[in-house]
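Protein chains: 2
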Amino acid sequence: MTGRPQAGPARFGEPAAVGFSYAYEGRLLHEERSLFQRIEVFEHQTFGRMLVLDGLTQTTEVDEFIYHEMLAHLPLLCVAEPRRVLIVGGGDGGTLRRVLEHPTVERAVMVEIDAAVIEACRKHLPAIAAGALSDPRAELVVADGAAYVGESREAFDAILIDSSDPVGPGVVLFSPEFYRACRNRLAPGGVLAAQSGGPFFLQAELHTAFSNASTAFPDVRPYLASVPTYPGTLWSFLLAGESLDVDPDSAAARAAARGIAARYWTPEVHGGCFALPAFVRDVVSPSGPPRSFGPSPEEHEHGAVPLR
Amino acid sequence: MTGRPQAGPARFGEPAAVGFSYAYEGRLLHEERSLFQRIEVFEHQTFGRMLVLDGLTQTTEVDEFIYHEMLAHLPLLCVAEPRRVLIVGGGDGGTLRRVLEHPTVERAVMVEIDAAVIEACRKHLPAIAAGALSDPRAELVVADGAAYVGESREAFDAILIDSSDPVGPGVVLFSPEFYRACRNRLAPGGVLAAQSGGPFFLQAELHTAFSNASTAFPDVRPYLASVPTYPGTLWSFLLAGESLDVDPDSAAARAAARGIAARYWTPEVHGGCFALPAFVRDVVSPSGPPRSFGPSPEEHEHGAVPLR
């Protein structure tokens, strides 16, 4: 975030890549420094209210449905009967809300490290949780997610990692140890889903998340969705389990039986979101991202782009 | 583009939506006003050289492969043996280059209205065409694409509409009349592909393009790809024909037989790119985009986003 916005009109930019940023004009509604991070809420003409943590857009009222549906509906529709769900992070409540839309779910535990995020969202972004935080099936725990997973003895049908990016305190949520601890908490047939960064501008992060998850789980599949307020827009997630059932027909039947009404997810998206463009496939290959998503050395001979 | 950049260091922003723009820091290499538009070429640390027409990014050295592969390889791999191809627009040569990578192609006609764009790209962005403009199978025509299609008596196996957005002079390339004229120029089994705007911020344009194409063709299918320098990143294309063959296995066999080496397109992407998120399906439905991609009226009761 460039400059410190004052309450009232604010222009701010979120860096996406070197020399490239997403620029917003909005109005600052709320600003505080919590124990863990700087919390800001902006009102924006296109995106509605925006939650920004340490200068990085976490969610907005207008496009939140994309990220939250793909982090919650997609994995839950890969499970025959998800009853117990653990959410790590997700203080805005948007993931919890989608989890609770599955009538099979009897219990959803949301472990958020920063109580101030929950409070800021409750006050300024209530449209995102849409009441889910008060659902009797929901338990809110303010705690370190990694510690919670390590200490829990419960078995979950789905664990959803709704974290910030793997920088600073969030990095532990992308570690091999954390993924292994999650696997130990999964019931038979259970799945883990995690956001894993943008394939354009966070290639090293996606590569590491996929590699680390692959040390813990025998079956890990990246999938993609487009979130216009995330840097690069194209965003990746990981689905992990013992042996994943990603069949779109099964998912469609489950969605119909559960009455899931989605605005991004469809049975076709369920089938298509696992299709990785060739350069993304390279990012998650064992040899890692060979270079930026820029021109190849051969193409380079024709031009003048400095190779990075 | 905010402000008029001078030769040398330049900051410029491309509006994506109200209060939201993509901001670049680069270096202006070239600026001219042609008969049709303002042409600028920037050098950018992340995207390499960028072609900007009337303030809108058309292509960059680093991400051009995405748009050009999906506009050329995808339709050509839906045709058993594409021999004659017409490109309308595409002055940078990136589409032509991918067309000529198909060894079945005997003749590729590129009709670009603005000779100054061809020259600027030849001089400043040679990595994009990578020599294709000099291929003996290529014919370059500087002419109005709509007039050319109307007057031509040739039959093409594929017509690729590599246009700017449907504003100003480009609008005719999205009209029912133009799509009908294109259909008249297709050989049996031939296909048309066209860029059709971004599903987030150009919803009315995508709706109109799809509706207009559907008046001319019995089979029209939108497909998607992510181009990080286009506003909203998620971008749409239309594939149109009498009865389309979009089978990924057929496309994969053709790609292998033709030796196509792609960096975005894969057989899986060929299958997955036609999967429309629910809100995009709504955009192209006959009733049109019902509202922005923002919250529904019910969700609204919980929050404070002004409905647009």
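Sequence order for the protein chains is A and B.
Take the first sequence: its position 130, counting from 1, is numbered 130 in my numbering, and each next residue is one higher.
Take the second sequence: its position 206, counting from 1, is numbered 514 in my numbering, and each next residue is one higher.
Note that CB positions come from ideal geometry on N, CA and C, so glycine has one too.
Note that the structure is predicted; figures quoted are calculated from it, not measured.
Helix, strand or coil at residue i according to DSSP, with G and I counted as helix
i: L224 (chain A); result: strand
i: D219 (chain A); result: strand
i: D310 (chain A); result: Residue numbering for chain A in the displayed model covers 1 to 308; residue 310 (chain A) lies beyond these limits and cannot be assessed.
i: A466 (chain B); result: strand
i: H68 (chain A); result: helix
i: Q58 (chain A); result: strand
i: P267 (chain A); result: helix
i: P277 (chain A); result: coil
i: D247 (chain A); result: coil
i: T208 (chain A); result: helix
i: V457 (chain B); result: helix
i: I118 (chain A); result: helix
i: I260 (chain A); result: coil
i: R282 (chain A); result: Looking at the sequence provided, one finds Asp at residue 282 (chain A) rather than Arg. Reduced to three states, the DSSP call for D282 (chain A) is helix.
i: S483 (chain B); result: coil
i: L385 (chain B); result: coil
Same chain, Cβ closer than 6 Å to residue i, neighbours up to 5 away in sequence not counted
i: Q58 (chain A); result: L51
i: R11 (chain A); result: E25
i: A502 (chain B); result: I469 and L546
i: E301 (chain A); result: Reliability of the predicted coordinates at E301 (chain A) is poor, the pLDDT of 42 falling under 50, and the value obtained from them is presented with this limitation in mind. Excluding sequence neighbours, E301 (chain A) sits near nothing in its chain.
i: E205 (chain A); result: P166 and G197
Sequence-distant residues of the same chain with beta carbon closer than 7 Å to residue i, five excluded per side
i: S175 (chain A); result: N212
i: E43 (chain A); result: G26, R27, L29 and R49
i: A251 (chain A); result: L77, C78, P267 and H270
i: R430 (chain B); result: L441
i: P614 (chain B); result: Because the pLDDT at P614 (chain B) is just 33, under 50, the model does not fix this residue reliably, and the value given afterwards should be weighed accordingly. The answer is none, since no qualifying residue turns up.
i: F542 (chain B); result: For clarity, residue 542 (chain B) is Leu in the given sequence; the question names Phe instead. Around L542 (chain B): G506, P507, F508, L532 and S534.
i: R254 (chain A); result: L77
i: A116 (chain A); result: E32, S34 and I39
i: P585 (chain B); result: none
Inter-residue spacing [alpha-carbon to alpha-carbon] between residue i and residue j
i: V284 (chain A); j: A209 (chain A); result: 9 Å
i: E139 (chain A); j: P166 (chain A); result: 25 Å
i: S471 (chain B); j: F508 (chain B); result: 19 Å
i: E61 (chain A); j: I395 (chain B); result: 41 Å
i: G145 (chain A); j: D54 (chain A); result: 19 Å
i: P231 (chain A); j: L56 (chain A); result: 9 Å
i: M70 (chain A); j: G94 (chain A); result: 11 Å
i: P297 (chain A); j: A437 (chain B); result: With a pLDDT of 44 at P297 (chain A), under the threshold of 50, the modelled position of this residue cannot be trusted, and the question is left open.
i: G506 (chain B); j: A132 (chain A); result: 32 Å
i: V413 (chain B); j: H381 (chain B); result: 12 Å
i: L224 (chain A); j: R391 (chain B); result: 35 Å
i: Y456 (chain B); j: G327 (chain B); result: 39 Å
i: R153 (chain A); j: Y375 (chain B); result: 49 Å
i: S329 (chain B); j: E64 (chain A); result: 19 Å
i: L96 (chain A); j: P444 (chain B); result: 60 Å
i: R33 (chain A); j: R346 (chain B); result: 46 Å
i: V449 (chain B); j: H432 (chain B); result: 20 Å
i: G458 (chain B); j: A451 (chain B); result: 12 Å
i: D400 (chain B); j: Y572 (chain B); result: 19 Å
i: P434 (chain B); j: E427 (chain B); result: 10 Å
i: G580 (chain B); j: T354 (chain B); result: 28 Å
i: R221 (chain A); j: F274 (chain A); result: 7 Å
i: A463 (chain B); j: V419 (chain B); result: 15 Å
i: A17 (chain A); j: T537 (chain B); result: 11 Å
i: T215 (chain A); j: V99 (chain A); result: 27 Å
i: A262 (chain A); j: G321 (chain B); result: 33 Å
i: V554 (chain B); j: D527 (chain B); result: 11 Å
According to DSSP, residues forming a beta bridge with residue i
i: P9 (chain A); result: A:R27
i: Q195 (chain A); result: A:F237
i: P449 (chain B); result: Reading off the sequence, residue 449 (chain B) comes out as Val, not Pro. B:V419, per the DSSP bridge assignment.
i: L347 (chain B); result: Reading the sequence as shown, one finds Ile at residue 347 (chain B) and not Leu. B:E340 and B:L361.
i: V85 (chain A); result: A:A108 and A:A158
i: P323 (chain B); result: B:S329
i: G93 (chain A); result: Beta-bridge pairing links G93 (chain A) to no other residue.
i: S48 (chain A); result: As written in the sequence, residue 48 (chain A) is Gly, which differs from the Ser given in the question. Partner(s): A:H44.
i: L494 (chain B); result: B:F464
Sequence-distant residues of the same chain with beta carbon closer than 8 Å to residue i, five excluded per side
i: L500 (chain B); result: P383, A466, I467, L468, I469, Y487, C490, R491, L494, A521, F525, L546, L547, A548 and G549
i: P411 (chain B); result: R566 and G567
i: D249 (chain A); result: P267
i: L481 (chain B); result: V396, G397, G453, A454, I469, S471, P474 and A502
i: E81 (chain A); result: T104 and D157
Cβ of residue i within 8 Å of any chain C Cβ
i: E25 (chain A); result: Here the protein chains are A and B, and chain C is not one of them.
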